[in-house]
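Student:
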Amino acid sequence: METNAIQQPATETPVYTSDQFLQGWLGQRRVTRRLIEAFPEEALFNYSIGGMRPFSDMVKEIISMSGPGVKGLATDDWTSIAGLDHHTGKIEAHSKNDLLRLWDDATEAITTYWLQVPAKRFQETVLAFGQYEGVGNSIIQYIIDNEIHHRGQAYVYLRSLGIEPPAFYDRS
Numbered sequence: 270m271e272t273n274a275i276q277q278p279a280t281e282t283p284v285y286t287s288d289q290f291l292q293g294w295l296g297q298r299r300v301t302r303r304l305i306e307a308f309p310e311e312a313l314f315n316y317s318i319g320g321m322r323p324f325s326d327m328v329k330e331i332i333s334m335s336g337p338g339v340k341g342l343a344t345d346d347w348t349s350i351a352g353l354d355h356h357t358g359k360i361e362a363h364s365k366n367d368l369l370r371l372w373d374d375a376t377e378a379i380t381t382y383w384l385q386v387p388a389k390r391f392q393e394t395v396l397a398f399g400q401y402e403g404v405g406n407s408i409i410q411y412i413i414d415n416e417i418h419h420r421g422q423a424y425v426y427l428r429s430l431g432i433e434p435p436a437f438y439d440r441s
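The numbering used here applies: residue 270 is where the sequence shown begins, and numbers increase by one.
1. Could you name each continuous alpha helix (DSSP H) segment of 4 residues or more that falls completely within the stretch 315-388, going from the start of the chain to the end?
2. Would you kindly work out how many angstroms separate the C-alpha atoms of ALA312 and PHE290, rounded to a whole number?
3. Measure the beta-carbon distance from ILE432 to GLY338 and round it to whole angstroms, keeping in mind my assumption that it falls under 8 Å.
4. Looking at C-alpha atoms only, which residue of ARG370, THR282, LEU342, ASP346 is the closest neighbour of ILE408?
5. Does the distance from the C-beta atom of TRP347 to that of LEU396 stay below 8 Å?
6. Could you check which residue in PHE398, TRP372, THR380, ARG390 has the C-alpha nearest to that of THR301?
7. Could you check if ILE417 is buried or exposed, using at least 16 other CB atoms within 10 Å of its CB as the buried criterion?
8. Tell me, which residues are paired with THR394 by DSSP?
9. Label GLU306 either buried or exposed according to how many other C-beta atoms from any shown protein chain fall within 10 Å of its C-beta, with 16 as the threshold for buried.
10. Within a Cβ cutoff of 8 Å, which residues of the same chain sit near PHE437, ignoring the five residues on either side of it in sequence?
11. Candidates ARG428, GLN410, LEU427, TYR426: which alpha carbon is nearest LEU295's?
12. Cα-Cα, which of MET327, GLY293, GLY399 is closest to GLN422?
13. For PHE391 versus ILE350, is the C-beta distance shorter than 8 Å?
14. Compute the distance between the beta-carbons of ILE331 and SER429, then report whether it is under 8 Å.
15. VAL386 to THR357, Cα distance in whole Å?
16. Do LEU368 and ALA375 come within 8 Å of each other at the CB atom, strictly closer than that value?
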């Protein structure tokens with residue numbers, strides 16, 4: 270009988286440690302930060318293609334999910350999806366510098382709360398943002414995937430503006 274199941278090695282050693290996972294995410298955030306920096310101020314807040322939002326709006330979404338997402342995982346105190354700052358309009362950024370400051374604040378919240386997440390929490394089922402049930406590590410992976418997805422849209426924006434975007438693979 271043929272099976273499609275993947276056989277797991279008989280070991281307790283994780284593929285990634287919590288710190289390795291965090292460092293990978295922080296590398297992704299450095300790439301996204303350089304992408305924000307690459308945008309001309311006007312285009313960051315006003316440019317769009319095909320009905321997509323300006324990149325600043327996408328960045329606000331990423332900011333309002335990332336820090337609160339890790340905080341929720343650490344404390345089980347989740348902001349509801351409707352209460353996230355990008356839905357309520359609480360994120361005010363009227364310049365690239367404002368947006369970068371908020372980005373850096375969110376990164377600091379991620380690293381602060383990450384240290385408070387017990388290892389077992391990554392394997393527990395949670396109800397993120399009051400409506401998304403999933404295992405802790407899959408919720409965090411979704412938040413990272415969402416950032417990468419929006420960053421891909423921003424690469425298209427920059428190229429359409431004739432600007433060479435930063436290398437996606439340079440996470441330094």
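Don't be surprised by glycine CBs; every beta carbon is placed ideally from N, CA and C. Note that the structure is a prediction, hence the values are computed from the model and not measured.
Tutor: Walking through what the data contain:
1. Whole alpha helix (DSSP H) segments, 4+ residues: 324-344, 354-357, 365-383.
2. Annotation: ALA312 to PHE290 spans about 32 Å, alpha carbon to alpha carbon.
3. The distance from the Cβ of ILE432 to that of GLY338 is about 30 Å, inconsistent with a contact at the 8 Å cut-off.
4. Closest in alpha carbon position to ILE408, among ARG370, THR282, LEU342, ASP346, is LEU342.
5. Between TRP347 and LEU396, the C-beta spacing is below 8 Å.
6. Here the closest residue by C-alpha is TRP372.
7. Residue environment analysis places ILE417 among the exposed positions, since fewer than 16 neighbouring C-beta atoms fall within 10 angstroms of its C-beta.
8. Beta-bridge partners assigned by DSSP to THR394: VAL404.
9. That one is exposed.
10. Excluding sequence neighbours, PHE437 sits near VAL300, ARG420, TYR424.
11. It is GLN410 whose Cα lies nearest to the Cα of LEU295.
12. Of the listed residues, the one whose Cα sits closest to GLN422 is MET327.
13. At the C-beta level, PHE391 and ILE350 stay beyond 8 Å of one another.
14. Contact flag unset, no.
15. So the alpha carbons of these two residues sit roughly 27 Å apart.
16. Taking 8 Å as the Cβ cut-off, ALA375 and LEU368 do not qualify as a contacting pair.
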